[in-house]
Amino acid sequence: MIQKLFSYLIPIKIYKKKSARSKTIEVTWANGELVLDSENTNYSYGSLQRILRYGLRNIGYDQVLEMDHILVLGVAGGSVIKTLVDEIQYKHKITGVEIDSEMIQIANQYFELDKIKQLNLVIDDAFEFVLKTKDQYDLIIIDVFEDTNMPNFLFEKFFSDRICTLLRSNGYILFNTMILDEVHNVRNRKYISEIDSKLFTSKMLPRIEVHNELIIIKKND
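Numbering-wise (the UniProt record's numbering), the sequence shown opens with residue 1 and increments by one.
Rendered as structure tokens:
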């Protein structure tokens, strides 16, 4: 494809749309791959895929392969789902929750998310879904953004406690956060400090991208 080849020289935008939630959604060929961006940040593939791949590698691909059910809060273009299915060869159930139906249309059209048979996509608010779900999960990936903003509820103790109750023994939470200033650093440290250290083991991974910090929480056996 000619656009893919030229994208190694210069990014080639192939889709752009105004979005109520993300201001602008763009699909671009960049360095030979399709990426999904909002107005100010990468939403799927590109740097975001590298970040979440790094988190999954830290948990351990062998452990991921043994999991029965993975929950992804914040699907966007579905890059972490593609990493699970195409790269790690994960064969079991994935539930993806995305509030923006326009985003799912783009994910299906450009990134063929609807061809992944083990994926159940739910159009819902992450907070509402977490309150309603009766399932238990081996891994919960939290990747919820509106452009560069992260909703406050993600860091509230009520939400983190609820997320933790949805984990099976030895299950993991992989939480992608954005750090733009010292207030965000303080927010992340507070979040970690409120996790019950008797029941859970938590850590922040060294950053591989300037503004993203991954938090990993493991439910002890």
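The beta carbon of each residue, even a glycine, is placed where N, CA and C say it ideally should be.
Check, Outcome
"Straight-line Cα distance separating Ile2 from Asn188", "43 angstroms"
"DSSP three-state assignment for Asn31, whether helix, strand or coil", "coil"
"Span of the beta strand (DSSP E), counted from its first residue to its last, around Leu131", "Element bounds for Leu131: not the beta strand (DSSP E) but the alpha helix (DSSP H), Ala126 to Lys132."
"Cut-off 6 angstroms between Cβ atoms - residues of its own chain near Tyr172, not counting five sequence neighbours on either side", "Ile59, Leu139 and Lys218"
"Rounded separation between Lys117 and Gly96 - CA only", "12 angstroms"
"Neighbour-count burial assignment, Asp62, 16 or more Cβ in a 10 Å radius", "exposed"
"For Thr165, the nearest candidate out of Lys115, Lys93 and Asp135 (CA to CA)", "Asp135"
"Under the three-state DSSP convention, the category Tyr54 falls into", "helix"
"Close-in-space but distant-in-sequence residues of the same chain around Lys4 (CB under 6 angstroms, 5 per side omitted)", "Trp29 and Gly32"
"Proximity below 8 angstroms, CB of Phe159 to CB of Phe127", "yes"
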